[in-house]
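Visitor:
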Amino acid sequence: MPKNKGKGGKNRRRGKNENENMKRELILKDDGQSYAQVTRILGSGYIEAFCFDNTGGKKRICHIRGKLRKKVWINQGDVILVGLRDYQDDKADVLMKYLSDEARELKRIREIPDNVNITETSTRTEDGMNDIVFDDTFNNEESSSDAKVSSNTSALQKVINDSLSEEESDDDDDDDDQDDSINFYNPNQLTKQTGNLNAKNLLTTKKSTGK
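Residue numbers for the sequence shown follow UniProt numbering, so the first one is 1 and each next one is one higher.
(1) Taking C-beta to C-beta, are Tyr35 and Ile74 nearer than 9 Å?
(2) In angstroms with no decimal places, state the Cα-to-Cα distance between Ser163 and Ala155.
(3) If we count the other Cβ atoms within 10 Å of its Cβ and call it buried at 16 or more, is Ile109 buried or exposed?
(4) Can you give the Cα-Cα distance for Lys71 and Gly56, rounded to whole angstroms?
(5) Take the Cβ of Lys67 as the centre, count every other Cβ of all protein chains shown within 10 Å, and call the residue buried at 16 or more, exposed below.
(6) Within a Cβ cutoff of 7 Å, which residues of the same chain sit near Ile41, ignoring the five residues on either side of it in sequence?
(7) Assign Lys107 to one of three DSSP states: helix, strand, or coil.
(8) Once DSSP output is grouped into helix, strand and coil, what is the label at Gly57?
(9) Look up Gln88 in the DSSP assignment and say whether it is helix, strand or coil.
(10) DSSP on Gln33, reduced to helix/strand/coil?
(11) Starting from the C-beta of Thr119, find all residues in its chain whose C-beta is less than 6 Å away, skip the five residues before and the five after it, and write them out in chain order.
Set out below in structure tokens:
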């Protein structure tokens, strides 16, 4: 068989978009377009964005094109490029989303106002763990509750052990009492008692009969 020297394979083909976060050419707005920042996610492919127009800015309902759906995830605070509608001034269409570095570049060259807050949602974090905040208060409360449970368990175990030891001691005392109360069979003692009873009976009989 010939040796496979290619770079094919379905696993490699799946990662064909692995370089999408690499630096790309900065795209500036054109006529009929505007920079905007996402203010709210409405759902069903619609968002609310504040467009940086020459008139001082305006909020518009923007529609996410099908080309961007499930490929480019847009979050609140992202800087986007929208296409304005001539027949609907209060609506627009999302053309692209800028990465955080590109948004900073737009801010540096004064394409967007200086007071725009650039979010880091488009930057990738290692293993996705940098956004997780651990609550020390919750951890302390959980550890203290665990300590209380363990102490209560120890106290309960001690009570059980004490009660078991008391029951065992009571059983031993009962066994001793039963041993003391048992009368062992002694033939000599039984004969002696029988003889005394017979002598008493004879004396009683003689007195009653006068013989």
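The beta carbon of each residue, even a glycine, is placed where N, CA and C say it ideally should be.
Guide: Straight from the coordinates:
(1) no
(2) 12 Å
(3) exposed
(4) 32 Å
(5) exposed
(6) Ile47 and Gln76
(7) helix
(8) coil
(9) coil
(10) strand
(11) Gly77
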